[in-house]
Every structure is written in structure tokens, then in C-alpha cells.
Amino acid sequence: MAYSVLPIVDRRTGQVQFKVHGLWHICYVGDPILLEQLLARCARRPVFDPETSQLLLGVAAAGEPQGRNAAFSLAKFPTLHPLTKIGS
């Protein structure tokens, strides 16, 4: 089952954070700048698939109302604590 998420991306470290069922997930992406650029152009909310550890995006594209699919493989971040604090 995939979950709709709203990811937070740290361009410097590649850290990606998002909540699923009230729990924060902290992962790492290899190209955080590209992910940030494509997130800004999403036609729908990103989806996280825990079975494949992929963040799936529907990027706006001419002639494709649902957007062009893009997938980013996420790896577990080496620390269990986020580098930034976000109010709840």
C-alpha cells in the first residue's frame, strides 16, 4: 500500500522527512536538488511506497493531466534523529 505524503527535503544533506500515520520517516535521496525541483512541479501529491522505498511523483507535463511519473529511491538515513526541528 502506498501513502500520500508531503516531503520536506534538505538540499545540503539529502535528508527527506515526511509523516505516515502520525510517525515521521527520515530517509536519504541521492539528488535532493532534482527532487526539490520536481516537487515544485507536481500535478498531484507525492506518494511513498514502503515496499519499494520509493517516492513517486506525478510531474506536470503538457498533454498529461495526471502528470509524468518520476520515482526516487529512498534510503534509510544514517541517524534516527532529524537534523531540523519542525513544530507539530
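Mind the numbering: the sequence shown is residues 1 to 88 in the UniProt record's numbering, read in order. Every residue, glycine too, gets a C-beta built ideally from N, C-alpha and C.
Is residue i helix, strand or coil by DSSP?
i, result
"Glu64", "strand"
"Leu23", "strand"
Could you tell me which residues DSSP pairs with residue i in its beta bridges?
i, result
"Ser73", "Gln54"
Can you give me the C-alpha to C-alpha distance between residue i and residue j, rounded to a whole angstrom?
i, j, result
"Leu23", "Phe48", "13 Å"
"Asn69", "Arg41", "12 Å"
"Ala71", "Gln17", "16 Å"
"Leu55", "Ala61", "18 Å"
"Asp10", "Gly63", "31 Å"
"Ala2", "Leu57", "12 Å"
"Pro65", "Gln37", "19 Å"
"Gly67", "Ile26", "26 Å"
"residue 90", "Gly14", "The question about residue 90 has no answer, for the chain in this structure spans 1 to 88."
Between the options, which has its C-alpha nearest residue i's C-alpha?
i, options, result
"Val59", "Pro50, Phe18, Arg44 and Gln17", "Arg44"
"Val20", "Lys76, Ser73, Phe72 and Pro50", "Pro50"
"Arg12", "Ser4, Tyr28, Leu55 and Val5", "Tyr28"
Could one say the Cβ of residue i lies closer than 7 Å to chain D's Cβ atoms, at least one of them?
i, result
"Leu39", "No chain D appears in the structure shown, which is made up of a single protein chain."
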